[in-house]
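Colleague: So the sequence lines, in the order shown, correspond to chains A and B. If you're matching positions, the first sequence starts at 16 in our numbering and goes up one per residue. If you're matching positions, the second sequence starts at 2 in our numbering and goes up one per residue. Ideal placement from N, C-alpha and C gives every residue a C-beta, glycine not left out. Being a predicted model, the structure only gives us computed values, none of them experimental.
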Amino acid sequence: MKVAAADDPGQTQKDDARRGEAVLRCRDFNVRYGTAPDSVRAVDLTVRAGEIVGLIGESGSGKTSVAMACLGLLPKQAHVSAETFEVCGTDLAAADDKALTRLRGSEVAMVFQDAMGALDPSMRVGRQIGEVVARHRGLKGKARQNAVLELLRRVRVPEPEHRARQYPHQLSGGLRQRVAMALALAGEPRLLLADEPTTALDVTVQAEILRLLRTVRDEFGVGILLISHDIGVIAQTADRVAVMRDGEIVESGAVEDVLLRPTSDYTRMLLGSVPKLGERARRRPAEGAGGGTDLDGAPLFVVDGLSRSFRARGRVVHAVRDVSLRVGRGEVLGVVGESGSGKSTLAKMLVRLDQPSAGRLEMNGADYGRLRGKRLKAFRRAVQMVFQHPAGSLNPKLRVVTSMREPLAAGGVTGGEARRRIDEVLAEVGVPPETAGRLPHEFSGGQKQRIAIARAIAARPQVVVLDEPTSALDVSVQAQVLDLLLKVQQAEELTYVFISHDLAVVQAISDRVMVMYAGRVVEIAEAEALFASPAHWYTRALLEAVPSPDPRDRPESGAASPPDTGDRPEEARGCVFAARCPRAESRCRAEAPELSTLSAGHAVACHFPADREGSK
Amino acid sequence: MSESPVLSDAPADRNESPENASAARARRRGARIGVGVAVGLGLLVLMFALAYVAPLIRPFSPSEVAGKPFAAPDGTHWLGTDDLGRDYFVRLCVAGRTSLSIALAGSVLALVAGSAVGFAAGVGGRWLDALLMGGVDLLLSFPSLLLGLAAVTVFSSSMTTLIAVLSIVSLPHFARIVRARCVELRELEFVLSARISGVRSSTIVVKHLLPNVFPLMMVQLANSAAIVILLESALSYLGLGVQPPTPSWGRMIAESQNYLTDSPWLVLGAGGALLLSSIGWGLIGEGFATSRRSVV
Numbered sequence: 016m017k018v019a020a021a022d023d024p025g026q027t028q029k030d031d032a033r034r035g036e037a038v039l040r041c042r043d044f045n046v047r048y049g050t051a052p053d054s055v056r057a058v059d060l061t062v063r064a065g066e067i068v069g070l071i072g073e074s075g076s077g078k079t080s081v082a083m084a085c086l087g088l089l090p091k092q093a094h095v096s097a098e099t100f101e102v103c104g105t106d107l108a109a110a111d112d113k114a115l116t117r118l119r120g121s122e123v124a125m126v127f128q129d130a131m132g133a134l135d136p137s138m139r140v141g142r143q144i145g146e147v148v149a150r151h152r153g154l155k156g157k158a159r160q161n162a163v164l165e166l167l168r169r170v171r172v173p174e175p176e177h178r179a180r181q182y183p184h185q186l187s188g189g190l191r192q193r194v195a196m197a198l199a200l201a202g203e204p205r206l207l208l209a210d211e212p213t214t215a216l217d218v219t220v221q222a223e224i225l226r227l228l229r230t231v232r233d234e235f236g237v238g239i240l241l242i243s244h245d246i247g248v249i250a251q252t253a254d255r256v257a258v259m260r261d262g263e264i265v266e267s268g269a270v271e272d273v274l275l276r277p278t279s280d281y282t283r284m285l286l287g288s289v290p291k292l293g294e295r296a297r298r299r300p301a302e303g304a305g306g307g308t309d310l311d312g313a314p315l316f317v318v319d320g321l322s323r324s325f326r327a328r329g330r331v332v333h334a335v336r337d338v339s340l341r342v343g344r345g346e347v348l349g350v351v352g353e354s355g356s357g358k359s360t361l362a363k364m365l366v367r368l369d370q371p372s373a374g375r376l377e378m379n380g381a382d383y384g385r386l387r388g389k390r391l392k393a394f395r396r397a398v399q400m401v402f403q404h405p406a407g408s409l410n411p412k413l414r415v416v417t418s419m420r421e422p423l424a425a426g427g428v429t430g431g432e433a434r435r436r437i438d439e440v441l442a443e444v445g446v447p448p449e450t451a452g453r454l455p456h457e458f459s460g461g462q463k464q465r466i467a468i469a470r471a472i473a474a475r476p477q478v479v480v481l482d483e484p485t486s487a488l489d490v491s492v493q494a495q496v497l498d499l500l501l502k503v504q505q506a507e508e509l510t511y512v513f514i515s516h517d518l519a520v521v522q523a524i525s526d527r528v529m530v531m532y533a534g535r536v537v538e539i540a541e542a543e544a545l546f547a548s549p550a551h552w553y554t555r556a557l558l559e560a561v562p563s564p565d566p567r568d569r570p571e572s573g574a575a576s577p578p579d580t581g582d583r584p585e586e587a588r589g590c591v592f593a594a595r596c597p598r599a600e601s602r603c604r605a606e607a608p609e610l611s612t613l614s615a616g617h618a619v620a621c622h623f624p625a626d627r628e629g630s631k
Numbered sequence: 002m003s004e005s006p007v008l009s010d011a012p013a014d015r016n017e018s019p020e021n022a023s024a025a026r027a028r029r030r031g032a033r034i035g036v037g038v039a040v041g042l043g044l045l046v047l048m049f050a051l052a053y054v055a056p057l058i059r060p061f062s063p064s065e066v067a068g069k070p071f072a073a074p075d076g077t078h079w080l081g082t083d084d085l086g087r088d089y090f091v092r093l094c095v096a097g098r099t100s101l102s103i104a105l106a107g108s109v110l111a112l113v114a115g116s117a118v119g120f121a122a123g124v125g126g127r128w129l130d131a132l133l134m135g136g137v138d139l140l141l142s143f144p145s146l147l148l149g150l151a152a153v154t155v156f157s158s159s160m161t162t163l164i165a166v167l168s169i170v171s172l173p174h175f176a177r178i179v180r181a182r183c184v185e186l187r188e189l190e191f192v193l194s195a196r197i198s199g200v201r202s203s204t205i206v207v208k209h210l211l212p213n214v215f216p217l218m219m220v221q222l223a224n225s226a227a228i229v230i231l232l233e234s235a236l237s238y239l240g241l242g243v244q245p246p247t248p249s250w251g252r253m254i255a256e257s258q259n260y261l262t263d264s265p266w267l268v269l270g271a272g273g274a275l276l277l278s279s280i281g282w283g284l285i286g287e288g289f290a291t292s293r294r295s296v297v
């Protein structure tokens, strides 16, 4: 793959071998909804066959409107005007419904964020792809079957014969996205629109899908318009980039030019907001000023042998297994893991929304795992939680001030005193207190999250559990909220348990980091030590999978993808990570490693920790 | 936060201010609810008013023999007379008192009891949920008309019995709808936040769940009122409703069906009243259903 030979647009004519004719060309393209001002303005965009064009933008920037317009799928009240708006040589502005239908599938196809929604849950995936193959290529019987298997093979689905007979819910998230990709490619389109195709996936799976996108570009020769809010994703895949803001393209060009030498302030701001691995610039200002961690004193809370299992259809699923940890007063403990690692279940048990199946939960030396009634209520005041979705954190029917009074009232603070505290915390999180009388839908996502944080700290808790508090936010807002969280932690002398799948975010805020996999703690260490020298192979895999916002870090060739078997690792007898581990030996499959200390404060559950085994 | 003035998360600098947009949306929605609900409400209010006012504006009592039997509609007897020569218009209106008030009382009672069951099942423990929903399913498994028949046969067929039995048979629908919504809502972050803050379950129900379930309850109230009115008429038609001499629509249809060919207005009058009241409730239900603001 010659990705390093990133092209500037002027040279494209010479590069005909790989870069064909334009499959999408729009000049001065506008979309207007009803009587509102144009939500997409004067967009110039060209996608050629065999190249990936990245479209970066935050939510509401109009990037999805552009994609939908290419399919002719904008809602009726949308009005499109353009000087040129051609998809594969067809003028979309003049196309009628019949022409559009012909265009979709055979010329343009789309891959969505949610693969589950794109696949029919009641149909075997092979048949779904087969239908498209039949419609667009007129194949029947055995030929159709072979075409389906060939497609699945080309999107690197292991055991295609077996997978083709499965239903979407039987596939893992990564496989599902591959199948969705095969479905999109089944009609042999020349333009593929990918709208946040990896946003819902775990970071290791995301890396595989990004590799697949590059493979698809080269093998199928399609032009891909890759829409993403994630600069790392774009940097690792796109040949050219366009940055969108408020419906306008503020900057476009070759990926290296835009991301390494941005010319617009907005791109620069966007790049600056991305928390980068290996950078801890955002660390607390008062670290040296005595406000830091006090690990030597008695820990604020202690978790010992905590487990949670669910019974589902006669099978016992261990969501969290034997987790032990200590959190010091004023500490920020980061918890990292992919979906299904048990991190959210752990969070729910920490705040006693869920009852542990086994183990002890202690705070300030007292067991709170089995508290009930009044005593539980008293405990509740000390622990609060902030959730991922700002939209769900506030009751849509209650005014903000009413929602905020709730935790205060539970602690016996009411009336004017409560109002004063509400104004104080709202001001602290940067929301004007005079807006407290409004309803939640009058605030933006970032503001709602600020209010959720204000609500959590209003009753002066000691611990706040943050479950992916920044994941649903745009990068620029995310950076602000992270700053805010650190500021608030200092001001209110809080202890955080910060749960996230995003390693860079965790690194930016945590003192110590715990890595979970399949319900178990696989590694725990001081943040610097963990990111500098990860000992567990899973931690390493996670770190390597994070797409770097620097296009020069792009892997040179498509390395063999790790086997994605879709098995349930928590049922393994030995090490839970053995099936995916590059270092696994027979001992790993037979015997589960215990969490053992490597050096002061650094513990790992691995028989052969990375970079250490050579010394013995 | 001042270092990034280019883009803050404040919505004010966006092209369309969400406040204006949402206000405009609310206004449009308001206008839309208006038509359906207003027509339905108007229809029902008119029927209620007629039920109580008719005997005052017409010089007949519902049980008085006011003229010749089977008189055709004219200026004196607006809808003619029935087989005994009683003024049909007055009887129809007075019958409306029974039917409409049983429908209203029965469905409001069902709303209160059913929602209570639904909330208890939705926020209570797993056992309470299983117990209550088991009971509700049991109730649902009987045809409601059969249950009504049994109850009326065992107890007397007074208005109280009718209201009680009709509310019991429409209770399961409320319970199920409310429970289903509660199960959905209780996993939402704002309910979890309230629980973490140590807010009592009863407060959570009143402050967080009720406002978000209420529109659904209203839709179901209107739907079940329409069903209750028909059930009550069916029971009356079978001779098990409110007993004579109190007139009721169902009984009037039953009594006059023998004279359908000669005096069709008798059946059409009662049937029409039934139809209009069902349409009224239906319109209100529809209005609430379309206006229902989805949560989150």
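1) Is there a Cβ from chain B that is less than 9 Å from the Cβ of S80(A)?
2) Within 9 Å of any Cβ in chain B, is that where the Cβ of T417(A) sits?
3) Determine, using beta carbons only, whether L1(B) and L232(B) come nearer to each other than 9 Å.
4) Output, in chain order, the set of chain A residues within a Cβ distance shorter than 7 Å of E190(B).
5) With respect to the alpha helix (DSSP H) encompassing F120(B), which residues constitute its N-terminal and C-terminal limits?
6) Please decide whether E421(A) counts as near chain B, where near means a Cβ-Cβ distance under 9 Å.
7) For the beta strand (DSSP E) holding H177(A), just list the boundary residues, first then last.
8) Using the DSSP secondary-structure output, state which residues sit across from C41(A) in a beta bridge.
9) Are A130(A) and V194(A) closer than 9 Å when you measure CB to CB?
10) Can you check which of these residues, D210(A), V335(A), L413(A), is closest to A195(B) by C-alpha distance?
11) With a threshold of 9 Å between beta carbons, is R299(A) in contact with chain B?
12) According to the Cβ coordinates, are L93(B) and G286(B) closer than 9 Å?
13) Could you check the C-alpha separation between P90(A) and R260(A) for me, to the nearest Å?
14) Which word fits F143(B), buried or exposed, when buried means at least 16 other C-beta atoms lie within 10 angstroms of its C-beta?
15) I want to see whether chain A comes within less than 9 Å of I280(B), judged by CB atoms only; does it?
16) Do you know how far the Cα of E538(A) is from the Cα of V619(A)?
17) Which runs of the beta strand (DSSP E), 3 residues or longer, sit entirely within the segment 448–527 of chain A?
18) For the segment 132–166 of chain A, enumerate the residues whose C-beta is nearer than 9 Å to any C-beta of chain B, in chain order.
19) Buried or exposed for I67(A), going by 16 or more other Cβ atoms inside 10 Å?
20) Quick one: grab the DSSP three-state call for S198(B).
21) For G199(B), return the contacting residues in chain A, with the cut-off set at a CB-CB distance below 7 Å.
22) When you compare the CB positions of E211(A) and S491(A), do they come within less than 9 Å of one another, or not?
23) Could you give the uninterrupted runs of the alpha helix (DSSP H) lying entirely in the segment 164–211 of chain B, keeping only those of 4 residues or more?
24) Give me the Cα-Cα distance between P455(A) and L275(A), rounded to the nearest whole angstrom.
25) Counting only beta-carbon separations shorter than 9 Å, does A620(A) have a partner in chain B?
26) Give me the DSSP bridge partner(s) of Q128(A).
27) Suppose you measure from the CA of V153(B) to the CA of P245(B); what does that come to, to the nearest Å?
28) Given that N213(B) touches chain A, what residues does it touch there, using C-beta distances under 8 Å?
29) I believe G460(A) touches P405(A) by the beta-carbon criterion, under 8 Å. Please report the beta-carbon distance rounded to the nearest angstrom.
30) Hey, is the segment 510–523 of chain A in contact with the segment 474–483 of chain A, meaning 3+ C-beta pairs nearer than 8 Å?
31) Considering only the beta carbon of each residue, do V46(B) and L284(B) sit closer than 9 Å?
32) So, under 8 Å CB-CB, L211(B) and S108(B) are touching, yes? Tell me the CB distance rounded to an integer number of Å.
33) I'd like the span of the beta strand (DSSP E) that includes Q160(A), first residue to last.
34) State the DSSP-derived secondary structure class of A149(A), mapped to helix, strand or coil.
35) Looking at the structure shown, is R588(A) part of a helix, part of a strand, or coil, going by DSSP?
36) At least one CB of chain A closer than 9 Å to the CB of L231(B): is that the case?
Modeller: Walking through what the data contain:
1) No - not a single Cβ of chain B is within 9 Å of the one on S80(A).
2) The beta carbon of T417(A) sits closer than 9 Å to some beta carbon of chain B.
3) Examination of residue 1(B) is not possible in this model, given that chain B is present from 2 through 297 alone.
4) Correct list: F402, H404, G407, S408.
5) Note, F120(B): alpha helix (DSSP H), 89–124.
6) The beta carbon of E421(A) falls within 9 Å of a beta carbon belonging to chain B, placing the residue at that interface.
7) Run containing H177(A): none in the beta strand (DSSP E); it sits in the alpha helix (DSSP H), 175–179.
8) Partner(s): L60(A), F100(A).
9) Note that the C-beta distance between A130(A) and V194(A) is below 9 Å.
10) Nearest option by C-alpha distance: L413(A).
11) Because R299(A) sits at a pLDDT of 47, beneath the cut-off of 50, its placement in the model cannot be relied upon, and the following sentence gives the value as read from the coordinates. Not a single CB atom of chain B sits nearer than 9 Å to the CB of R299(A).
12) No.
13) Going by C-alpha positions, P90(A) is about 21 Å away from R260(A).
14) Exposed, because fewer than 16 other Cβ atoms sit within 10 Å of the Cβ of F143(B).
15) For I280(B), the answer is no, since every Cβ of chain A falls outside 9 Å of its Cβ.
16) So the alpha carbons of these two residues sit roughly 4 Å apart.
17) Listed in chain order, the complete beta strand (DSSP E) runs (minimum 3 residues) inside the segment 448–527 of chain A are 478–482, 510–515.
18) Those would be none; no residue qualifies.
19) Buried, by the Cβ-count rule.
20) Reduced to three states, the DSSP call for S198(B) is coil.
21) Chain order gives the chain A residues near G199(B) as K392, R395, R396, A425, where near means a beta carbon separation below 7 Å.
22) Taking 9 Å as the Cβ cut-off, E211(A) and S491(A) do not qualify as a contacting pair.
23) Listed in chain order, they are 190–197, 202–205.
24) Taken atom to atom, the span from the alpha-carbon of P455(A) to that of L275(A) is near 39 Å.
25) Interface residue (Cβ-Cβ distance to chain B less than 9 Å): A620(A) is not classified as such.
26) The partner list for Q128(A) (beta bridge, DSSP) is empty, contrary to what the question assumes.
27) Taking the straight line from one Cα to the other gives about 15 Å.
28) Within 8 Å of the CB of N213(B), the CB atoms of chain A belong to N410, P411, K412, in sequence order along the chain.
29) Confirmed, about 5 Å.
30) A contact exists between the segment 510–523 of chain A and the segment 474–483 of chain A.
31) No. Outside cutoff.
32) The C-beta distance from L211(B) to S108(B) rounds to 18 Å, too long to fall under 8 Å, and the pair is not in contact.
33) For Q160(A), no beta strand (DSSP E) encloses it; the enclosing alpha helix (DSSP H) starts and ends at 156–169.
34) Secondary structure of A149(A) (DSSP, three-state): helix.
35) Residue state, collapsed to three classes: coil.
36) So, not an interface residue.
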